[in-house]
Every structure is written in structure tokens, then in C-alpha cells.
Amino acid sequence: MRLLIVGGSRFLGRAVAETALAAGHEVTVFNRGRSAPDVPGVTAVRGDRESEADLERLAGHGPWDAIVDTSGYVPQVVGRSARALAGSSPVYVFMSTCSVFTDWPLRPLADDSPVYACPPDAGPDDGDYGALKAGCERAVDRDFPGRTLHLRLGLLLGPYEDVGRLPTLLLRIADAGGARDERVLAPGDPAYQVRPIDVRDVARFTLGAIEQRLRGAYLVTGTPASATTYGELLQSCIDATGSPARLEWVDGAFLTRHNVAMWTELPLWVPPEDVPWDNDTSRAEAAGLRCRPLRETVADTWAWLAADDGKVRHSYRPNRPHGLDQDREREVLAAWDAEKASGSAG
Ligand SMILES: NC(=O)c1ccc[n+]([C@@H]2O[C@H](COP(=O)([O-])OP(=O)(O)OC[C@H]3O[C@@H](n4cnc5c(N)ncnc54)[C@H](OP(=O)(O)O)[C@@H]3O)[C@@H](O)[C@H]2O)c1
Numbered sequence: 000m001r002l003l004i005v006g007g008s009r010f011l012g013r014a015v016a017e018t019a020l021a022a023g024h025e026v027t028v029f030n031r032g033r034s035a036p037d038v039p040g041v042t043a044v045r046g047d048r049e050s051e052a053d054l055e056r057l058a059g060h061g062p063w064d065a066i067v068d069t070s071g072y073v074p075q076v077v078g079r080s081a082r083a084l085a086g087s088s089p090v091y092v093f094m095s096t097c098s099v100f101t102d103w104p105l106r107p108l109a110d111d112s113p114v115y116a117c118p119p120d121a122g123p124d125d126g127d128y129g130a131l132k133a134g135c136e137r138a139v140d141r142d143f144p145g146r147t148l149h150l151r152l153g154l155l156l157g158p159y160e161d162v163g164r165l166p167t168l169l170l171r172i173a174d175a176g177g178a179r180d181e182r183v184l185a186p187g188d189p190a191y192q193v194r195p196i197d198v199r200d201v202a203r204f205t206l207g208a209i210e211q212r213l214r215g216a217y218l219v220t221g222t223p224a225s226a227t228t229y230g231e232l233l234q235s236c237i238d239a240t241g242s243p244a245r246l247e248w249v250d251g252a253f254l255t256r257h258n259v260a261m262w263t264e265l266p267l268w269v270p271p272e273d274v275p276w277d278n279d280t281s282r283a284e285a286a287g288l289r290c291r292p293l294r295e296t297v298a299d300t301w302a303w304l305a306a307d308d309g310k311v312r313h314s315y316r317p318n319r320p321h322g323l324d325q326d327r328e329r330e331v332l333a334a335w336d337a338e339k340a341s342g343s344a345g
């Protein structure tokens, strides 16, 4: 089939492009050619999704069997591409997020959980990320009535991750015993659940969903079968990198008292009472969602970072700051040692 990806060069869009090409599909990507090189083998149309003239020119390269929008964040902007491309494809797949649910992250999600009421013509300042993504869904529905597929995605990991979560953990652990201390601060409890999803599994599900002509909205997060623990996540990082790291598990309440930021300074760490990972993915699973073990995601992400004699890892710059620097990690571990010595830890 012929596929148009609006975006397509960084992380999720890149995985969709690679997976589609590997399956023998024809892929057009539309982006400005600024943030990353395109996947070899795609047809690239250069342009800005904010420009109506560029979108009109893009429509001239169609039609396509499906449009997959991986780069939409603002309803007004997404509305422009939906309007310009309404006659170019039977379906518009919008990559959304589980942050569209008002329950997130208060309780586990299901497909029928309530969604933010953001209007389809909202501008960038009319809401936060989750509310605006809900508005984007509505903007697509307006021009593709009955012809949309919204995939409400959970936390994504995998090769080319540009956010900074798994790469930060891998790089910290890879440096243990070399550029960084061998003793690595590990947060909370090794038994804490984590249930991310590999971008390549999202990409595979997306192509299958297009082929099955699915419509509507699907919650697409890690499945119960792919759930694992924070302990397993860090051990997978040690195994992938061959690091001599020694994990020091530090009580979560202690870390909070010492102002260590969950999720950013210690990527993916949130106490289970703060983020429930156990969403109901049964509908997506019935439609073909299968998630690989996290261990495989970790190994492949390391293989990407370590590629080209380490050039990838040395030029890696995440979108947002993640991780603890050496001094801060040492300071927190020293305070933890003192607390343990005083007998009040635990
Ligand atoms: N990361 C997570 O854990 C997570 C969780 C849930 C949902 N999501 C969703 O997953 C998606 C992730 O996106 P991604 O960045 O990985 O997608 P991507 O398609 O791989 O990369 C973003 C693309 O958009 C292009 N782009 C940016 N601004 C543009 C503009 N004005 N005009 C044309 N092209 C433009 C970029 O290229 P140029 O800059 O060169 O133009 C790039 O090709 C997002 O929709 C996000 O909401 C992510």
C-alpha cells in the first residue's frame, strides 16, 4: 500500500516508516528536513505542516491508502492537514496519547475512559499536552468523519528514542566503572511494575490496523503479558551494556524527601500509587497488538546507541533533560549511606 507519514524522521514516525518499508509498502514522508535524516527508501516531500500552501503541494503527491500523522500537537495545525488531505486518503491515523484521558494518571485506563473536551480549533495556548491532543483528534474527525483511527499511546521506548528516558538509563549504566561510579542509584523497589511499549510494536499494530480497516479510538499501551519490573529494566541495561554496575536500591520516600525528581532525574521511576500501568488493552490485543519483552527493547536500543563505534551515543542529545549528574548522585547516595548507618532507613 501507499502510506503518507506526516513527520516520519525522528522516533515513532521513523519506526512506522522502517516497519512499512520492510513490509514492502511505499512510504512518503512530509517534514521540513530539519531534525533528522529520513529513513532510506522513503519518498520525502519537504514542507511545513503549518503552511497551507505546503500542504496543498503535498496533496498533489497523493493519493495514499492511509495517512499516519505522528507529529500533531495543536488542533488548529492538525485541522489544516486534515482539511488539505481530506480527498487524498480513505483514512487518517492520528498518533494520540493516553494523556487525552482525564483519568490519567489517577487510575488505570480503558478504551471508554473519559477524554478532555478540547475543541477542534484550539490554539497552542488553549490547553496542556493531553487536552490539546484530544482537540487534535476532533480536528481530524471534522474532515475525515467516520474515517479516522486515533491510537492513544502509552509510554514509548525503543531505538532512536529522542525523549531521553531509556538512553539516559543505558548511558549511566554503560559508564559505570569508567566515566561514572560503579555504584548506581536505583530508585524505590525493584519489584515496581513498568509497562512501556516498543515503538516498533506500535508501528506493527498501526499497519495491521490499517489493513483491517479499523476505525475509532484504541488504547495502545504495554500489555499485561509485557509488564515487567524496574529491577528487570535495570538488569536488562546491565546485561545489554556488559557493565559492572552495582545497583544501590534507595527507598522512594527518601528520594522524594531529597527532592529527586521522579520520571526525569530517574527516568521511568514512579511509585505504583502515582502511575498505574495496568491499563485495559484487551481491545487492541484482540485487534492484533503484541508487545515484545522489554529486555529486547533495551538490547536493541543499546545496539543503536553503541552503533558506529559509539558515535551515536556521543552525539546523543535528548529533547528534555533526564538523569542525575555525578555530583548529585554521589550526594544523594552519601545521604542514603548516612541514613542507613543511623538505622533510620527502610
Ligand atoms: N514518547 C512517548 O512516550 C509518547 C507517548 C505517547 C504518545 N506519543 C506521541 O508519539 C508521537 C511521537 O512523535 P515523534 O517525534 O517520534 O514522530 P516522528 O514523526 O518520528 O518525528 C517528528 C517529525 O515531525 C517533523 N516535523 C516537526 N515539525 C514539523 C512541521 N512544522 N512541519 C512538518 N514536519 C514537522 C519532524 O521533522 P522536521 O523537524 O525535520 O520537520 C519529524 O520528521 C507524538 O505524536 C507524541 O504525541 C509519544
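Numbering-wise, numbering that gives the first Met the number 0 puts 250 at position 251 of the sequence shown, and it's gapless, one number per residue. All residues carry an ideal CB built from backbone N, CA and C; glycine is no exception. Here the structure is a predicted model, which is why all the values come from computation and not from measurement.
Nonlocal neighbours in the same chain, by C-beta distance under 7 Å from residue i, ignoring five residues either side
{"i": "Y315", "result": "P166 and L304"}
{"i": "L246", "result": "V183, A185 and L233"}
Any non-hydrogen atom of ligand 1 closer than 6 Å to residue i Cβ
{"i": "R9", "result": "yes"}
{"i": "E49", "result": "yes"}
{"i": "V162", "result": "yes"}
{"i": "T69", "result": "yes"}
{"i": "R31", "result": "yes"}
{"i": "G12", "result": "yes"}
{"i": "G157", "result": "no"}
{"i": "L218", "result": "no"}
{"i": "S34", "result": "yes"}
{"i": "L2", "result": "no"}
Best match in the options for proximity to residue i [C-alpha to C-alpha]
{"i": "W63", "options": "G309, K339 and M0", "result": "M0"}
{"i": "R329", "options": "R294, S341 and L254", "result": "L254"}
{"i": "V198", "options": "Q192, L206 and Y191", "result": "L206"}
{"i": "A81", "options": "A175, G221, T220 and L3", "result": "L3"}
{"i": "H149", "options": "D142, D180 and C135", "result": "C135"}
{"i": "V152", "options": "R312, F29 and L288", "result": "In the sequence on display, residue 152 carries Leu and not Val. Residue L288 is the option with its Cα nearest to L152."}
{"i": "G78", "options": "R212, R179 and P144", "result": "P144"}
{"i": "A239", "options": "S88, E181, R294 and L154", "result": "R294"}
{"i": "V73", "options": "T27, N278 and D127", "result": "D127"}
{"i": "A226", "options": "D277, H257 and D180", "result": "D277"}
{"i": "D68", "options": "M94, V76 and N258", "result": "M94"}
Helix, strand or coil at residue i [DSSP, three-state]
{"i": "H149", "result": "strand"}
{"i": "G309", "result": "helix"}
{"i": "Q234", "result": "helix"}
{"i": "R1", "result": "strand"}
{"i": "E210", "result": "helix"}
{"i": "R245", "result": "strand"}
{"i": "R294", "result": "helix"}
Any non-hydrogen atom of ligand 3 within 6 Å of residue i CB
{"i": "M94", "result": "Absent from the structure shown: ligand 3. Ligands present: ligand 1."}
Nonlocal neighbours in the same chain, by C-beta distance under 6 Å from residue i, ignoring five residues either side
{"i": "W335", "result": "V249"}
{"i": "T147", "result": "Y91, V139 and D140"}
{"i": "D47", "result": "R31 and D53"}
{"i": "D299", "result": "P158"}
{"i": "T296", "result": "L156, G157 and D197"}
Residues near residue i in its chain [Cβ-Cβ closer than 8 Å; skip 5 each side]
{"i": "R282", "result": "D110, Y217 and L218"}
{"i": "G187", "result": "Y229, W248, V249, D250, G251, L254, W268 and P270"}
{"i": "E181", "result": "A175, P243, A244 and R245"}
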